[in-house]
Every structure is written in structure tokens, then in C-alpha cells.
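Asks:
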Amino acid sequence: MVWEGLMSVLTIESLLYMVIGVAIGIIFGAIPGLTANMAVALCLPLTYKMTPILGISTLIALYVGGISGGLISAILLNIPGTPASVATTFDGAPLARKGEAGKALGVAICSSFAGTMLSIGALVFIAPSLARAALRFGPYEFFAISLFSLTLLGTMISDSVLKGITSAVFGVCASLVGMAPIGGVMRFTFGFNEVATGFSILPVLIGLFAISEIFNMAISPPTSEKVEVYDYHIKGFGFSLAEAKSQIGNFLRSALIGIGIGILPGIGGGTSNIVAYSVAKQQSKHPEKFGTGIIDGIVASETANNASIGGALIPLLTLGIPGDTVTAILLGGLMIHGISPGPLLFKNQAALVYGIFFALVIATFVMLLLEYFGMRLFVKVLTVPQYILLPIIIVLCCVGTFGVNHRMFDVWVSLFFGIIGFAMTKLEFPIPPMLLGFILGPIVEVNLIRGLMYSQGDVTAFIKSPIAAAFHLVSVLAVIFTVRRDLKKRRAKEEVSAADLQ
Amino acid sequence: MGMVRQNINKRDIFVACLVLLLGIILFVSAQSIKPGAGMGKGADFMPKLLSFMLLICGLLLLIDALVKEAPVHAAGASLRCDQIIGFLKAFAILFIYIYLMDKIGFLIMSAAYIFLQSWIITPPGRHRPVRLAVISILVSSITYSVFVYGLQLMLPAGILG
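Take a look at the structure:
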């Protein structure tokens, strides 16, 4: 099975697609405003005609490239290419300003590589055991895990716990459209046969993330100022062996943070890079140096965001629950290729699973080589203006959504969700909880109803299972903790305002 | 009522009322859903449950809006007139693009869309019509060729078909 998995990705075709996938991913990651999500969503239709392992390998290559590519603009432009590289700007750009952009890039690339490889190791060792344990999960456990995922993302992603949870509820509401999974009745189709099976995930995703972005740009057009790119020159790896040794502790800690946050459903590199940076600063003997251009900050950020890749794949492959928004699209990709992720995947399609592991390893090596030797080309792409790029991206999005079912209806759905996404942004509702709610809605509904059937309406059965009870407890604690934190922040703000008035 | 602040955030109250309204609409719509075949809870259970959750969220948002101090400059505050016009232009172009794609065809409509949409969001002083037209036609043609001839994914041919 392991050998079969390896051979399935060691074909010339597969290697070629992975190289192209990583390159496209890096470009999307590097350009501010484009994300790994978009790269994977746009290229998903390209994989329709491929074999499952070829299609999934390509998407994974895009994922790896997309998460890593953000470091280029973070360091050379002081603008994060993706949310996963926000913390890289804190020390990457200052280091580039000092004339050491090559060192910053070298450190970031190596950290990305090493972080991904460590997370792949975690994936390979944790996922099979978790899948075996998940085979024993029943409706109470799956309901608890889904609710935990929604609660965690809803509470942690935005400043307002209420808006985060409301956004998640909106998402679950959107998943109600179509035939009910239990009862077999049509709901909220308003006579449209096209939604008999519900909305497809790709139009929803493209609408919420890409089309809403064109509306945001229409109301806040880019300025006419030219963006300055720092010059750079990488010698060797860009840093010395002594510097590498000094970062081992920082690297391991950041990798664990990245893997841990990646495992948490719905949260990925966008959160882990900032958490890892904050922890690195707190634990450092010289916290005052953070922000002035030291490699510690770059190591923390880039290790964590890439380590989230393997982490995010763990719940996806073992439970069918996406670890972040990119794995949400990967979930769509897997389903399009007739693969149902979950505990049975490891049992019934072990060769495919090992193929995915090897694809990750190969894509990571390709990412390392491309970023070192192809850096000049990627930097050139950064100079293409967003006002030209974004409409092109929208056209490609329309192709992608049309390609799902070969009908214009899906393109209209993406426009509809684009308006919803835009309205939510303006009203300060976070979008990721809505997407996760949409994906997990059917799982929540089916397991809730099944659980009630088994217990004959007794709701206490949902906390009698120790695993389910543990997840419910963590959900409640997450809400309490976040509400307390928000109240403290609000009180502090009010005290400052009162002091200013005096 | 003693806790109601002086500066009430009207936008947050509007948002809370919107959520409450959605909850009510969902609850009313859910009444017409039949439970369907099978024992136990049916197809109407989840919509009704979610409508209650929306009502609770709306109520809590309303209380929160009444209790907390309104920020002096709200982030993402109301849109200005020019911003509303910008949004309407972008929406109209996209709407027309999607509406006419099936009738006129992907190739022509995509070139037109890229040109017009880029034109709207290009900062003043950076408009290059010839360059933009060339890019629009090239991108549209390349995309069409790659997907239709390379990947066998049919796109609307429209009047050229």
C-alpha cells in the first residue's frame, strides 16, 4: 500500500502537475489580495478530468505553494501575501530594509520547508490512529466535534463572539437548501430544481471569498502609488549554521503551535503565525528586539503557518472535517473525485492516503527549490497591478463555478453569495464561520437527529459519551473565555475614553 | 434601561433587528416544511431549531448594541455616495456579464468584462485603454482555448457557436 501510494505520485505527469501547482500556488500566495483558497478553488476545475490521486496531488501542491508564497511579499513589500504571513512582515520587512532581504528570504523559505515536513510527520503518525479511534465514533461524538468546530471558529475569528456564532448559524441555514438528509423533503428550493441537491460548495466559496473581494475593491480602489520592492540577493541558504542552531527551540515550539492550531477545525495558518510569533516574543530573552528585524520572528511565523498544513489535513482525512478554509475546498475536490474522507478512507483506500502523504513531501521539496531558484520570476509577478489581476481572477472563478455542473445557475449562486459576503464584511460579520457552518451543517443535522432517535428524545445522551462531553465542555469554555476577554477589552477601552474626556 | 448608553450604535441595532427578522422569516417558512418519511425528528426540525438560534442571537446582539458604547469612528462605517455608486457599477457589470455569457458567449463577454471592470477600479491617471483591451482579449482567448480544447470543459459559445 505504501509502495503503491508512492508509485502513484512518482509519474512524470504527476511530478509535472505538482511543479506547476506549487508555482501557481506561490504566485497566488505572493500577490496580496489573492490567497491559497483562490488558487485551489480556481484550479479545482482543471482537475476534473484527472485521476483522483493526480487531481488531489495537484491541489495539495497548490496548497503548499499558496501558504508559503505569502512570505515573498511579506518580506519584499511589507505586505502579507496571505493572512498566514501577517507576522512575517513584523520582522521580515525590517530585516529587508536593513539590506538583508536575502537572509530574511532564506530563513523564511527554510522555516516553511522544515515546518511543513514536521507537520507531515505528525500527519503520518497521528492520522491513522485517529482514524481508527474515529471508527468508534457515533452520532453523539460527531455532533459534538462539529459543534466544537463551529463554536471555536465563531469565537476566535472575530472581535465579536456573537457575530462569529451568528455567522456560523447563517452558514448552517444555507446548508438547509435542498433535499433534507433525513425525511427526504425539499426545503427552501423555491421551485428551482437546480438546488434539489443543495448549493455546491465551490460557488458558495468563490462567492464569499472572491466575488465579495471585487465589490470591496470597487468601493475602495487601489491608490495610484507604485509599490516598492526591496532588492535582495541570497547567498547559500542566507544564514549561518550557528544561527540555525540558535533557532531550534523556537522552530520546534512554533511547529507544535502550527500543527495544534491546524488540527483545530476551521482555523489554520492565518491564526497560527500570529500565535507563534506572540509566544516566541514572550519566551525570548530579548523581546524588545522583535519587530526590529530579527530572524526569530520570521522563523516563528513561517514555521507555524506551514506546519498548519499537515495539521489541517488531519481532521480532513480522518473525520471529513476541514482543518481550515483551504482544506474545505480540498474536501470539495475529494468529493468531486468520488472520495469520501473520514475514518473509512484509511481502511478502504489506504494507497490513496499514502499517495497524499508522498504528494505532500514532494510538493514541499518542490516549494523549497522553486522559491530559492525561481524567486526573481515570482517577484516580477508582484508588479502586476491588482486592478488588472482581480477581474481576470473573477473570469476564472466563473469558469470554475460553471465547470462544477456545467450550468449558469452555479455562477448566479456565486454572485448571490458574493453579495452576502460583501454585506457581511461591511456589517463586520466574519466569513469563515459561515463557510464552515455551510460545510458542517448536514453533519450537525444528521447526527443530532440520529442521536435523538437513538436516545428516544433524551438530550442528556449527548453528554453521556465521555468524548462528546469533553468536546462540549471545551466549546463552553471557549465561549466563556472569549466573552470574558472581550468584556475586559471593552472595559479597558471605556476607561481610556473616560480618562481622555477628563 | 439605566445601562443604555448615551451614544447608541444605530448600525449595530439595525444588524440585530435584521438577524431577528431573518429568524422570524425562517421560523414562518419552516412551518410549511413537512417532517417527511421516517420516525423521530423530521425535515422541519433543523429549520425550526435554527430559527430559534437566530432569534436568540438577534436578541443578544440587540442587548449588546444597547449596552455598549458606540465607537467614535466605527470600522467599516456607512458607505459614502461614491462608494455606493462604485459597488453598483461593479455589481451591474458582473450581473450583465453572467446574464449575457450564455447568449453572447464566454469569449466575447469575458473580454468585455475584464476591460470594463478593470477600467472602473483602475486608479485615476493609470488608464491605458489599448493595453487593457489587448490584455482582455488575450486572457479571454487563452482561457477559452485552455479549458475548451485543452481540458475538454465546454464553455458557452453563444453567437460564435
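Chains as they are written, first to last, in my numbering: chain A, 10 to 511; chain B, 1270 to 1430.
For every residue, glycine included, the Cβ atom is placed at its ideal position computed from N, Cα and C.
From a predicted model like this one, the values you see are computed outputs, not experimental measurements.
#1: Quick one: residues in its chain with C-beta nearer than 6 Å to the C-beta of Ala321(A), no 5 flanking neighbours on either side, listed in chain order?
#2: Classify Thr392(A): buried if its beta carbon has 16 or more other beta carbons within 10 angstroms, exposed otherwise.
#3: Could I get the ranges of all uninterrupted beta strand (DSSP E) runs contained in the region 81 to 109 of chain A, with 3 residues as the minimum, in chain order?
#4: Taking C-beta to C-beta, are Asn282(A) and Ser310(A) nearer than 9 Å?
#5: Between the region 371 to 388 of chain A and the region 109 to 122 of chain A, are three or more C-beta pairs nearer than 8 Å?
#6: So, do the region 361 to 370 of chain A and the region 11 to 23 of chain A have three or more beta carbon pairs nearer to each other than 8 Å?
#7: If Ala289(A) and Gly269(A) are in contact, beta carbons under 8 Å, what's the gap, nearest whole angstrom?
#8: Taking only beta-carbon positions, decide if Val408(A) is within less than 9 Å of chain B.
#9: Measuring only the C-alpha atoms, how far is Gly1271(B) from Leu1335(B)?
#10: CA-CA distance, Ala1344(B) and Ser169(A)?
#11: So, for Phe438(A): in the same chain, excluding its five sequence neighbours on each side, which residues have a beta-carbon less than 7 Å away from its beta-carbon?
#12: Quick one: which chain A residues come within Cβ less than 7 Å of Ala1359(B)?
#13: Below 6 Å CB to CB, which residues in the same chain sit around Val1273(B) once its five sequence neighbours on both sides are set aside?
#14: For Gly187(A), write down the residues that DSSP places opposite it in a beta bridge.
#15: Would DSSP call Lys497(A) helix, strand or coil?
#16: May I ask you to report which of helix, strand or coil DSSP gives Glu437(A)?
#17: Can you find the residues in the same chain that come closer than 7 Å, C-beta to C-beta, to Ile266(A), ignoring five residues on each side of it along the sequence?
#18: What residue does the alpha helix (DSSP H) around Gly1355(B) start on, and which one ends it?
#19: Within a Cβ cutoff of 7 Å, which residues of the same chain sit near Glu252(A), ignoring the five residues on either side of it in sequence?
#20: Measuring only between beta-carbons, confirm whether Thr20(A) sits less than 9 Å from chain B.
#21: Start and end of the alpha helix (DSSP H) containing Ile210(A)?
#22: Would you mind reading off the limits of the alpha helix (DSSP H) that contains Ile401(A)?
#23: Quick check on Tyr363(A) - is its C-beta less than 9 Å from some C-beta in chain B?
#24: Rounding to the nearest angstrom, what Cα-Cα distance links Gly279(A) and Thr1391(B) in this structure?
#25: Does the Cβ of Ile452(A) have 16 or more other Cβ atoms within 10 Å, making it buried, or fewer, making it exposed?
#26: Could you confirm whether any beta carbon from chain A is found closer than 9 Å to the beta carbon of Ile1373(B)?
#27: Report the residue from Leu340(A), Asn315(A), Ile323(A), Phe260(A) whose alpha carbon sits nearest the alpha carbon of Ser293(A).
#28: In chain order, what residues of the region 448 to 462 of chain A put their CB closer than 9 Å to some CB of chain B?
#29: So which of Gly207(A), Ala372(A), Ile348(A), Glu504(A) has the shortest CA-CA distance to Asn414(A)?
#30: To the nearest angstrom, how far is the alpha carbon of Ile402(A) from that of Gly90(A)?
#31: Taking one C-beta from the region 32 to 44 of chain A and one from the region 70 to 78 of chain A each time, how about it: are there three or more such pairs within less than 8 Å?
#32: Comparing alpha-carbon positions, which option in Gly200(A), Ala205(A), Leu85(A) lies nearest Arg385(A)?
#33: With Lys1279(B) as the anchor, note down where its alpha helix (DSSP H) starts and where it stops.
#34: Rounded to whole angstroms, what's the CA-CA distance from Ser317(A) to Gly101(A)? Just pull it up for me.
Replies: From the atom records:
#1: For the purposes of this step, residue 321(A) is taken as the residue at position 312 of the first sequence. Within the same chain, Ala321(A) has close Cβ partners Gly271, Gly277, Gly332, Asp333, Thr336.
#2: Against the first sequence, residue 392(A) aligns to sequence position 383. With fewer than 16 other Cβ atoms within 10 Å, it is exposed.
#3: none
#4: Start at 1 with the first residue of the first sequence, and residue 282(A) comes out as number 273. Start at 1 with the first residue of the first sequence, and residue 310(A) comes out as number 301. Yes, these two residues count as a Cβ contact at 9 Å.
#5: yes
#6: yes
#7: Your numbering for residue 289(A) matches position 280 in the first sequence. Your numbering for residue 269(A) matches position 260 in the first sequence. Actually they do not touch by this definition, with Cβ atoms about 15 Å apart.
#8: Your numbering for residue 408(A) matches position 399 in the first sequence. Taking Cβ atoms only, chain B reaches closer than 9 Å to Val408(A), which makes this a yes.
#9: Mapped onto the second sequence, residue 1271(B) falls at position 2. Mapped onto the second sequence, residue 1335(B) falls at position 66. For Gly1271(B), the predicted model reports a pLDDT of 42, less than 50, meaning its position is unreliable; a value from the coordinates is still stated below. One C-alpha to the other measures close to 11 Å.
#10: Within the second sequence, numbered from 1, the residue matching residue 1344(B) stands at position 75. Within the first sequence, numbered from 1, the residue matching residue 169(A) stands at position 160. Residue confidence for Ala1344(B) is low, a pLDDT of 48 falling below 50, so the modelled location carries little weight; the figure read from the coordinates is stated next. Computed Cα separation, rounded: 13 Å.
#11: Start at 1 with the first residue of the first sequence, and residue 438(A) comes out as number 429. For Phe438(A), where only same-chain residues beyond five positions count, the Cβ hits under 7 Å are Lys172, Thr175, Ser176.
#12: As a first step, residue 1359(B) must be located in the second sequence, where it is residue number 90. In chain order: Ile223, Phe224, Ala227.
#13: Here residue 1273(B) refers to the residue found at position 4 when the second sequence is read from its first residue. With a pLDDT of 46 at Val1273(B), under the threshold of 50, the predicted position of this residue should be treated as unreliable, though the coordinate-derived value follows. Once the five neighbours on either side are set aside, the close Cβ partners of Val1273(B) are Leu1335.
#14: Position 178 of the first sequence, counted from the start, is the residue given in the question as residue 187(A). Bridge partners of Gly187(A): Arg196(A).
#15: For the purposes of this step, residue 497(A) is taken as the residue at position 488 of the first sequence. Helix at Lys497(A).
#16: Sequence index remark: in the first sequence, residue 437(A) carries index 428 (1-based). Coil at Glu437(A), not helix or strand.
#17: Start at 1 with the first residue of the first sequence, and residue 266(A) comes out as number 257. Excluding positions up to five away in sequence, the list reads Ser281, Val284, Ala285, Val288, Ala313.
#18: Start at 1 with the first residue of the second sequence, and residue 1355(B) comes out as number 86. Residues 1350 to 1373.
#19: Taking the first residue of the first sequence as 1, we reach residue 252(A) at position 243. Answer for Glu252(A): Ile304, listed in chain order.
#20: The sequence position of residue 20(A) within the first sequence is 11, counting from 1. Thr20(A) does not count as touching chain B.
#21: The count along the first sequence starts at 1 and reaches residue 210(A) at position 201. That run of the alpha helix (DSSP H) goes 210 to 215.
#22: The count along the first sequence starts at 1 and reaches residue 401(A) at position 392. It spans 395 to 414 - the alpha helix (DSSP H) in which Ile401(A) sits, taken as one unbroken run.
#23: On the first sequence, residue 363(A) is found 354 positions in, with the first residue counted as 1. It does not: the Cβ of Tyr363(A) has no partner Cβ on chain B nearer than 9 Å.
#24: Residue 279(A) sits at position 270 when you count from the first residue of the first sequence. Residue 1391(B) sits at position 122 when you count from the first residue of the second sequence. Distance between the alpha carbons of Gly279(A) and Thr1391(B) is about 29 Å.
#25: Looking up residue 452(A) in the first sequence gives position 443. Buried, by the Cβ-count rule.
#26: Taking the second sequence and counting its residues from 1, the one referred to as residue 1373(B) is at position 104. Not one chain A Cβ lies under 9 Å of Ile1373(B).
#27: Within the first sequence, residue 293(A) is the residue found at index 284, counting from 1. Closest option to Ser293(A), Cα to Cα, is Phe260(A).
#28: Gly450, Val453, Glu454, Leu457, Ile458, Arg459, Leu461, Met462
#29: Here residue 414(A) refers to the residue found at position 405 when the first sequence is read from its first residue. Closest by alpha carbon: Gly207(A).
#30: Numbered from 1 along the first sequence, position 393 holds the residue referred to as residue 402(A). Numbered from 1 along the first sequence, position 81 holds the residue referred to as residue 90(A). Answer to the nearest angstrom: the Cα atoms are 16 Å apart.
#31: yes
#32: Position 376 of the first sequence, counted from the start, is the residue given in the question as residue 385(A). Selected option, being the one with the closest Cα: Leu85(A).
#33: Locating residue 1279(B) in the second sequence gives position 10, where the first residue counts as 1. Element bounds for Lys1279(B): 1279 to 1299.
#34: Walking along the first sequence from the start, residue 317(A) turns up at place 308. Walking along the first sequence from the start, residue 101(A) turns up at place 92. Taking the straight line joining both Cα atoms gives about 20 Å.
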